[in-house]
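Structure first, then comments.
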Amino acid sequence: MTPDIRPLVAGNWKMNGTRENLDQIKAIADGVTEDMAARIDALICPPVTLLYVATALAEDGALQIGAQDCHSEKSGAFTGDVSAEMISDCQASHVLVGHSERRTLHGESDADVQAKAVAARRAGLVRIICIGETEAERKSGATLDVLGRQLAGSVPDDATASDTVIAYEPVWAIGTGLTPTITDVAEAHAFIRAEMEQRFAGEGAKMRLLYGGSVKPSNATELLGVTHVDGALIGGASLKADDFLAICNACVSLQG
Ligand code: PGA
């Protein structure tokens, strides 16, 4: 954690969930109590098919709802795509951009990710910009070079702490049950913080830096306790309300 930075615990449902899973969103919304919301922000990013219903379910509480990706254009002949404005129209507040599954499976470059980040802000959404090294990059000692390049290419020049969140997700840790050592997480987050401070001064010092990749209730306290880890981006463990709320509670406990 970083003193004076309000943590964000975010869930990414990926391509999981149909209407029958809305009970989990309701349970999470109910579990994000006023006490919890006084200390942390909690966010769930369901598939876009559930977005509008999810925001309605969460309307009276503190749980925030976001999307997992957006197109860079406002509208047009882009079959199957969803614009940031459409996401905003669903009353969502956040959008993930540059998740490694988008970078790998859809060939998104840093420039594509930056264009989506610009679109997100245009539509009034907070953008969670994801970065992370592959296993081969880690093994060859290139991790910090890769992170530096992704930050330089993906984060727009006008980013502020209120409109931008950075999520560090080692690709090899996503969905595998593997996590980096605490030392490695600390090194990556200290590097990202230094890069953001160098580029954005005070805004970079306040920007939230999330860790993602196999976060679960049993390792959340350790990972969230690392300096400059200001929250988590959670895939698998966000699908079950109990697990997601346990991670939120671990974060609250660390807030003292
Ligand atoms: P995981 O996914 O928690 O299932 O590893 C994290 C992510 O892809 O955001």
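All letters in the sequence shown, in the order written, are residues 414 to 669 by my numbering.
All C-beta atoms in this analysis are idealised placements derived from N, C-alpha and C, irrespective of residue type, glycine included.
Backbone secondary structure at threonine 594 - three-state DSSP | For this step, residue 594 is matched to residue 181 along the sequence shown. Note: threonine 594 maps to coil in three-state DSSP.
Taking glutamine 563 as part of the alpha helix (DSSP H), name the residues at either end of that continuous run.
-> For the purposes of this step, residue 563 is taken as residue 150 along the sequence shown, with counting starting at 1. Glutamine 563: member of the alpha helix (DSSP H) spanning 556–567, first to last residue.
Starting from the Cα of glycine 626, find the closest Cα among Leu591, His641 and Thr640 and give me that residue.
-> On the sequence shown, position 213 is the one that residue 626 refers to. Measuring C-alpha to C-alpha distances from glycine 626 to each of Leu591, His641 and Thr640 identifies Leu591 as the nearest.
Say the cut is 7 Å; is the CB of valine 642 nearer than that to a heavy atom of the ligand PGA?
-> Position 229 of the sequence shown holds residue 642. In this structure, the C-beta of valine 642 stays at least 7 Å away from each heavy atom of the ligand PGA.
On the three-state DSSP scale, how would you describe glycine 617?
-> For the purposes of this step, residue 617 is taken as residue 204 along the sequence shown, with counting starting at 1. Glycine 617: helix per DSSP, three-state reduction.
Counting only runs of 3+ residues fully inside the segment 435–506, write out the beta strand (DSSP E) ranges in chain order.
-> If you keep only unbroken beta strand (DSSP E) runs of at least 3 residues inside the segment 435–506, you get 454–458 and 477–480.
Looking at histidine 512 and the ligand PGA, is the gap between the Cβ and the nearest heavy atom below 7 Å?
-> Here residue 512 is taken as the residue at index 99 of the sequence shown, counted from 1. Taking the Cβ of histidine 512 as the reference point, at least one heavy atom of the ligand PGA falls within a distance shorter than 7 Å.
Just the Cα atoms here: how many angstroms apart are cysteine 661 and glutamate 514?
-> The sequence position of residue 661 within the sequence shown is 248, counting from 1. The sequence position of residue 514 within the sequence shown is 101, counting from 1. If you draw a straight line from the Cα of cysteine 661 to the Cα of glutamate 514, it comes to about 24 Å.
Cα-Cα separation between alanine 574 and methionine 609, rounded to whole angstroms | Your numbering for residue 574 matches position 161 in the sequence shown. Your numbering for residue 609 matches position 196 in the sequence shown. Cα to Cα, alanine 574 sits roughly 10 Å from methionine 609.
How is isoleucine 544 classed by DSSP in three states: helix, strand or coil?
-> Residue 544 sits at position 131 when you count from the first residue of the sequence shown. Of the three classes helix, strand and coil, the one that applies to isoleucine 544 here is strand, per DSSP.
So is the beta-carbon of glutamate 616 under 7 Å away from any non-hydrogen atom of the ligand PGA?
-> The residue labelled residue 616 in the question sits at position 203 within the sequence shown. No, since every heavy atom of the ligand PGA falls outside the 7 Å radius drawn around the Cβ of glutamate 616.
Give me the Cα-Cα distance between serine 666 and phenylalanine 491, rounded to the nearest whole angstrom.
-> One-based indexing of the sequence shown puts residue 666 at position 253. One-based indexing of the sequence shown puts residue 491 at position 78. Approximately 45 Å between the Cα atoms of the pair.
In its own chain, which residues sit with a C-beta less than 6 Å from the C-beta of lysine 529, not counting the 5 before and 5 after it?
-> The residue given as residue 529 occupies position 116 in the sequence shown. The residues are Cys483, Ser485 and Val510.
Using beta-carbon positions only, say whether proline 569 and valine 508 come within less than 8 Å of one another.
-> The residue you call residue 569 lines up with position 156 of the sequence shown. The residue you call residue 508 lines up with position 95 of the sequence shown. Not closer than 8 Å, so no.
What three-state label does DSSP hand leucine 518 in the structure shown?
-> Against the sequence shown, residue 518 aligns to sequence position 105. Assigned with DSSP and collapsed to three states, leucine 518 falls in helix.
If you draw a straight line from the alpha carbon of phenylalanine 657 to that of arginine 419, how long is it in whole angstroms?
-> Working through the sequence shown from its first residue, we reach residue 657 at position 244. Working through the sequence shown from its first residue, we reach residue 419 at position 6. Looking at the backbone, the Cα of phenylalanine 657 and that of arginine 419 are separated by about 18 Å.
Run the proximity test for glutamate 582: is its beta-carbon closer than 7 Å to any non-hydrogen atom belonging to the ligand PGA?
-> Locating residue 582 in the sequence shown gives position 169, where the first residue counts as 1. Yes - the ligand PGA has a heavy atom lying nearer than 7 Å to the Cβ of glutamate 582.
How is the beta strand (DSSP E) around valine 578 delimited, first residue to last?
-> Counting from 1 along the sequence shown, the entry for residue 578 is found at position 165. Per DSSP, valine 578 is one residue of the beta strand (DSSP E) stretching across 577–581.
Look at tyrosine 581 and leucine 623 and say whether their C-beta atoms are less than 8 Å apart.
-> Looking up residue 581 in the sequence shown gives position 168. Looking up residue 623 in the sequence shown gives position 210. In contact: tyrosine 581 and leucine 623 (Cβ atoms closer than 8 Å).
One or two residues paired with isoleucine 647 in a DSSP bridge = For the purposes of this step, residue 647 is taken as the residue at position 234 of the sequence shown. Bridge pairing for isoleucine 647: Gly424 [DSSP].
Can you tell which of Gly561, Ala645 and Ala475 has its C-alpha closest to the C-alpha of aspartate 523?
-> Working through the sequence shown from its first residue, we reach residue 523 at position 110. Comparing Cα-Cα distances from aspartate 523 to each of Gly561, Ala645 and Ala475, the minimum goes to Gly561.
Would you call the CB atoms of alanine 480 and isoleucine 500 closer than 8 Å?
-> As a position in the sequence shown, residue 480 is number 67, starting the count at 1. As a position in the sequence shown, residue 500 is number 87, starting the count at 1. Yes. Within cutoff.
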